[in-house]
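A.B. asks: Got a structure for you, questions after.
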């Protein structure tokens, strides 16, 4: 039990006159352990857990000791919570315990004597109690984070704020929270994971993603057990228009036309312009086909920075590797928000070659009565090459050539580059049913021979009731009026083929 108020007053008076145990007579018949007793660091305003001092009768003194009680020289910050020695008679090496606690009211060290007395009011012995009052204290590396201008829709680099515990006790952070405009984000924090020891640090990071062209503000609140909790960090930033780096081309496409195989074309220049409102960096210019070679200041010294309005020149030359059409694309790897593409095309040609191009490769005549003639259909042949086109033969072949007639306007001519000739075909079915034939053109073009497929269906003679039947006989005869007409046309229009 704790000493009574009377006993405490008496002992305080004793200490007053003796100034300290060091100035009084110490019998030394008992031993206090530990001595001194160090309390763990205790937060200001808190009370430590009780700690025990063991009082043991020294064997060097033969007589037993009667412990009257104990008291403290600093009863305001230290308290005896349980005196199990009071009223005890201790023989040699017998022990008892005295529990006390520590309640600091400020930061710093505190000291008290624990004095043990006997029934004669003599000091059997004393010990020292020592404790430190501690408090955490927060220091922020920055309490006003300014993000400045940030393009709308883009995120700033995270800004980190460091929290340092410059106090004497552990700092416990219970919460790190954001308030204000919802354009600020906590992207990480290490403060709530564990207590921060004295001189230790933790941190949190914030970024800024504006959603409009406007000024924004927010606050990070740090809730902890420091005396000045909560601490606040002000946030601010401005949303600005997003930059628009862009590239424009003076030409969207380059057509090299007909170009002789193995011969380089005339160079064609394309101007590449920085047409946005901020600088653009050109990293690479690439052709999808190496036959189209690229040069110029758009292709050297890369990466190349172009401020708004600045430009570079791209030169392209085509050297065909083979005859025929070819296309490619030039792409631009840059920081521009757009992705311009330059289309390249041309036709490789062999020197002195003719090329036959037909307006149709298939003629359909439909249904025609056997012995009658369809309307003539015309196919135009054009020499799209760069040399004269000469025919060795133009013939009517296939399964049913006897049911078709051809009027050849090409075979007797040499067709010059860019010029044309025509071939007419007529369907004269000799039998009923589907019929087909082919016009075969053999010439000195690279794709010779060319073919024109002819198709039609022969119908049975349409003989009406009554009459003398003369017209029906004429219709059934392959040498009827239509046949004579076709022969007459052939006579005046060069020649006719019919089997």
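Numbering (the numbering used here), first residue to last: 996 to 1494. Think of the CB as a built atom: it goes at the ideal place given N, C-alpha and C, for glycine as much as any other residue.
Apply the 10 Å Cβ neighbour rule to residue 1411 and answer buried if 16 or more other Cβ atoms are within range, or exposed otherwise.
C.D. replies: Position 416 of the chain shown, counting from 1, holds the residue named residue 1411. Label assigned to residue 1411: exposed.
A.B. asks: Tell me, to the nearest whole angstrom, how far the beta carbon of residue 1131 is from that of residue 1164; I am working on the premise that it is less than 8 Å.
C.D. replies: Numbered from 1 along the chain shown, position 136 holds the residue referred to as residue 1131. Numbered from 1 along the chain shown, position 169 holds the residue referred to as residue 1164. Their Cβ separation, rounded to whole angstroms, is 5 Å, which keeps residue 1131 and residue 1164 in contact under 8 Å.
A.B. asks: Which residues share a DSSP beta bridge with residue 1328?
C.D. replies: By one-based count along the chain shown, residue 1328 stands at place 333. According to DSSP, residue 1328 bridges with 1279.
A.B. asks: In its own chain, which residues sit with a C-beta less than 6 Å from the C-beta of residue 1107, not counting the 5 before and 5 after it?
C.D. replies: Within the chain shown, the letter at position 112 stands for residue 1107. Result list for residue 1107: 1067, 1068, 1069, 1073, 1124, in chain order.
A.B. asks: So, is residue 1285 buried or exposed, given that buried needs 16 or more other C-beta atoms within 10 angstroms?
C.D. replies: One-based indexing of the chain shown puts residue 1285 at position 290. Answer is exposed; the Cβ neighbour count stays below 16.
A.B. asks: Just to confirm, is the Cβ distance from residue 1065 to residue 1111 under 8 Å?
C.D. replies: Translated into positions along the chain shown, residue 1065 becomes position 70. Translated into positions along the chain shown, residue 1111 becomes position 116. Contact: yes.
A.B. asks: At 3 residues or longer, what runs of the beta strand (DSSP E) sit wholly inside the region 1124-1190?
C.D. replies: 1133-1135, 1139-1146, 1154-1160, 1168-1175, 1179-1184
A.B. asks: Would you mind sorting residue 1254 into buried or exposed? The rule is 16 or more other CB atoms within 10 Å of its CB.
C.D. replies: Along the chain shown, read from residue 1 onward, the residue named residue 1254 stands at position 259. It is buried - the Cβ of residue 1254 has at least 16 other Cβ atoms within 10 Å.
A.B. asks: For a quick check, are the C-beta atoms of residue 1269 and residue 1242 less than 8 Å apart?
C.D. replies: The residue given as residue 1269 occupies position 274 in the chain shown. The residue given as residue 1242 occupies position 247 in the chain shown. By the CB criterion at 8 Å, residue 1269 and residue 1242 fall inside the cutoff.
A.B. asks: Examine chain B for any beta-carbon lying closer than 8 Å to the beta-carbon of residue 1242, and answer yes or no.
C.D. replies: The chain inventory of the structure shown lacks chain B, comprising one protein chain alone.
A.B. asks: First and last residue of the beta strand (DSSP E) that includes residue 1216?
C.D. replies: On the chain shown, position 221 is the one that residue 1216 refers to. Element bounds for residue 1216: 1210-1219.
A.B. asks: Rounded to a whole number of angstroms, what is the C-alpha to C-alpha distance between residue 1258 and residue 1346?
C.D. replies: The residue given as residue 1258 occupies position 263 in the chain shown. The residue given as residue 1346 occupies position 351 in the chain shown. As the crow flies, the alpha-carbon of residue 1258 is around 10 Å from that of residue 1346.
A.B. asks: Can you confirm whether the region 1128-1148 touches the region 1099-1106 when touching is taken to mean that 3 or more C-beta pairs between the two stretches lie within less than 8 Å?
C.D. replies: These segments touch.
A.B. asks: Which of the three DSSP states, helix, strand or coil, is assigned to residue 1340?
C.D. replies: As a position in the chain shown, residue 1340 is number 345, starting the count at 1. Note: residue 1340 maps to strand in three-state DSSP.
A.B. asks: Measuring alpha carbon to alpha carbon, tell me which residue in 1265, 1430, 1383 is nearest residue 1413.
C.D. replies: Taking the chain shown and counting its residues from 1, one reaches residue 1413 at position 418. That would be 1383, whose Cα lies nearest to the Cα of residue 1413.
A.B. asks: Please name the residue, chosen from 1185, 1368, 1277, 1310, that lies closest to residue 1332 on a Cα-to-Cα basis.
C.D. replies: Walking along the chain shown from the start, residue 1332 turns up at place 337. Checking every option, the nearest Cα to that of residue 1332 belongs to 1277.
A.B. asks: Kindly indicate which three-state DSSP category residue 1396 falls into: helix, strand or coil?
C.D. replies: What you label residue 1396 is simply residue 401 of the chain shown in a count that begins at 1. It is helical.
A.B. asks: Mind the definition here: the region 1151-1168 touches the region 1190-1197 only if three or more C-beta pairs lie below 8 Å; say whether that holds.
C.D. replies: yes
A.B. asks: Closest by CA to residue 943, which one among 1098, 1169, 1027?
C.D. replies: In this structure the chain extends from 996 to 1494, so residue 943 is not present and cannot be described.
A.B. asks: Give me the Cα-Cα distance between residue 1377 and residue 1301, rounded to the nearest whole angstrom.
C.D. replies: The sequence position of residue 1377 within the chain shown is 382, counting from 1. The sequence position of residue 1301 within the chain shown is 306, counting from 1. So the alpha carbons of these two residues sit roughly 49 Å apart.
A.B. asks: Consult DSSP for residue 1026 and reduce its assignment to one of helix, strand or coil.
C.D. replies: Residue 1026 sits at position 31 when you count from the first residue of the chain shown. Here residue 1026 sits in strand by DSSP.
A.B. asks: Between residue 1213 and residue 1230, what straight-line distance do the alpha-carbon atoms span, to the nearest angstrom?
C.D. replies: Reading the chain shown from its first residue, position 218 is the one you call residue 1213. Reading the chain shown from its first residue, position 235 is the one you call residue 1230. One C-alpha to the other measures close to 5 Å.
A.B. asks: What does DSSP give as the partner residues of residue 1093 in its beta bridges?
C.D. replies: Along the chain shown, read from residue 1 onward, the residue named residue 1093 stands at position 98. BP columns for residue 1093 point to 1048, 1078.
A.B. asks: Can you name the start and end residues of the beta strand (DSSP E) that residue 1202 belongs to?
C.D. replies: By 1-based counting over the chain shown, the position of residue 1202 is 207. Annotation for residue 1202: the continuous beta strand (DSSP E) segment containing it runs 1196-1203.
A.B. asks: Just how far apart, CA to CA, sit residue 940 and residue 1237?
C.D. replies: The question about residue 940 has no answer here: the residues shown for the chain are numbered 996 through 1494.
A.B. asks: Rounding to the nearest angstrom, what Cα-Cα distance links residue 1403 and residue 1340 in this structure?
C.D. replies: Within the chain shown, numbered from 1, the residue matching residue 1403 stands at position 408. Within the chain shown, numbered from 1, the residue matching residue 1340 stands at position 345. Each residue's alpha carbon lies about 36 Å from the other.
A.B. asks: Quickly, what does DSSP pair residue 1320 with across the bridge? List them, please.
C.D. replies: Looking up residue 1320 in the chain shown gives position 325. DSSP, once it has assigned bridges, lists 1342 as partnering residue 1320.
A.B. asks: Could you spell out where the beta strand (DSSP E) holding residue 1421 opens and where it closes?
C.D. replies: In the chain shown, counting from the first residue as 1, residue 1421 sits at position 426. Counting along the chain, residue 1421 sits inside the beta strand (DSSP E) bounded by residues 1415-1422.
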